[in-house]
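What follows is a set of notes on a single structure, which appears directly below.
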Amino acid sequence: MMPIDPKYLEARRRRFRPIPVRMLVPNVITLLAICAGLTAIRLSTEGRMELAVAAIVFAAVLDGIDGRVARLIKGQSKFGAELDSLADFVNFGVAPGLILYFWQLHELHNGGWIAAMVFAISGGLRLARFNATMDDPNKPAFATNYFTGVPAPAAAVTVLLPIYLAFLGLPKPPAVLTAVFTLLIAFLMVSRLPVFSGKTVRMRVPPEMVLPVFVSVIFFIALLVGYPWHILSAGSILYLLSLPLGWKSYRDHARKAAAAEAAPAEASTPAPAAPFAPTVAEPAQDNRPARLN
4 MMPIDPKYLE ARRRRFRPIP VRMLVPNVIT LLAICAGLTA IRLSTEGRME
54 LAVAAIVFAA VLDGIDGRVA RLIKGQSKFG AELDSLADFV NFGVAPGLIL
104 YFWQLHELHN GGWIAAMVFA ISGGLRLARF NATMDDPNKP AFATNYFTGV
154 PAPAAAVTVL LPIYLAFLGL PKPPAVLTAV FTLLIAFLMV SRLPVFSGKT
204 VRMRVPPEMV LPVFVSVIFF IALLVGYPWH ILSAGSILYL LSLPLGWKSY
254 RDHARKAAAA EAAPAEASTP APAAPFAPTV AEPAQDNRPA RLN
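Structure follows, in structure tokens:
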């Protein structure tokens, strides 16, 4: 009988060692988000568009929670990152495109399907680029506070703006206009547009502002539950209007960074030498005694 390699036993023990519960909690939240996205697809096929849109918004809320929970309880893992990317593609790429298709884009037949498919593919490309450039060492320090292109959750909530407006009682827009709007949001996802992320915003709350913050959050949730389509419509429009502000802020930071890099370079450059000027020899002074002159 051949002896067992100790390295094999050690690798086997590492493979089957118990996993802490804190590593599972963020993944459970992500799986709930996937369930919400898949349920939204089913509801849209059944014509229950209000519940389908609500499921997408709920998935977006869960997507904003899982990453923060993982960082808070130190439950980050490579498995969780890959699962989160898969969830984002399903919830914010495939599901919104299908909801729009079953709601109105099917009137354009192949044209509407192409618009929905382009949106879903753009969401996948956006997520792939985000994962590929996450650890880019050449990225300037200020760039960590900006996304490259509109993030997938924001795009998913924004692209449903025609549905929000229709739920408010406004006339249903032409299918062509909805398709153009869908393609516009898809382009913003894969573009190089800097979008403010708010990652570096200070999250600490002064003690005297704790109660007002609680009241504000409860008030916002109450408004969202009582007037969902008003809040979502206003939020989507304001978000689109804020995109140029993010681009301007990024440009200003880039200019400041370029000026800061240029200043030390100019200071270390030696001053140019003065141009050569020929010197005129002064007449030699005669120090001999006067009687010899």
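Throughout the sequence shown, residue numbering follows this note's numbering, covering 4 to 296 in sequence. Glycine included, C-beta positions come from ideal geometry on N, C-alpha and C. From a predicted model like this one, the values you see are computed outputs, not experimental measurements.
- Annotation: the region 15–73 contains the following complete segments of the alpha helix (DSSP H) (minimum length 4 residues), in chain order: 24–48.
- Counting of Cβ neighbours within 10 angstroms places M52 among the buried residues, the total reaching 16 or more.
- Look at the beta carbons and you see the region 255–268 not touching the region 171–189: under three pairs across the two are nearer than 8 Å.
- Counted as a single uninterrupted DSSP element, the stretch harbouring P165 is not any beta strand (DSSP E) but the alpha helix (DSSP H) occupying residues 164–170.
- Per DSSP, the unbroken beta strand (DSSP E) holding P197 starts and ends at 197–199.
- In this structure, the CA atom of N30 is about 6 Å from the CA atom of G83.
- Only exposed fits F222, as fewer than 16 other CB atoms lie within 10 angstroms of its CB.
- For T151, the three-state secondary structure derived from DSSP is strand.
- For L89, the number of other beta carbons within 10 angstroms of its own is below 16, and it is reported as exposed.
- Per DSSP, reduced to three states, the secondary structure at H112 is coil, with no helix or strand assignment.
- In the displayed model, T185 falls within a helix according to three-state DSSP.
- Closest in alpha carbon position to L75, among F92, V28, W106, L46, is V28.
- Distance from I37 to W106 at the Cβ level is roughly 22 Å; contact not present, criterion being Cβ atoms closer than 8 Å.
- Look at Y242 here: in three-state DSSP terms it is helix.
- Comparing alpha carbon positions, the residue from A144, F122, T151 closest to N134 is T151.
- In this structure, V97 is the residue among T33, A225, V97 with its C-alpha nearest to the C-alpha of G126.
- Of the other Cβ atoms in all chains shown, fewer than 16 fall within 10 Å of the Cβ of T147; this residue is therefore exposed.
- Cβ-Cβ separation between I32 and A43: approximately 17 Å, too far for a contact (criterion under 8 Å).
- Under the 10 Å beta carbon count, P215 is surrounded by fewer than 16 other beta carbons and is classified as exposed.
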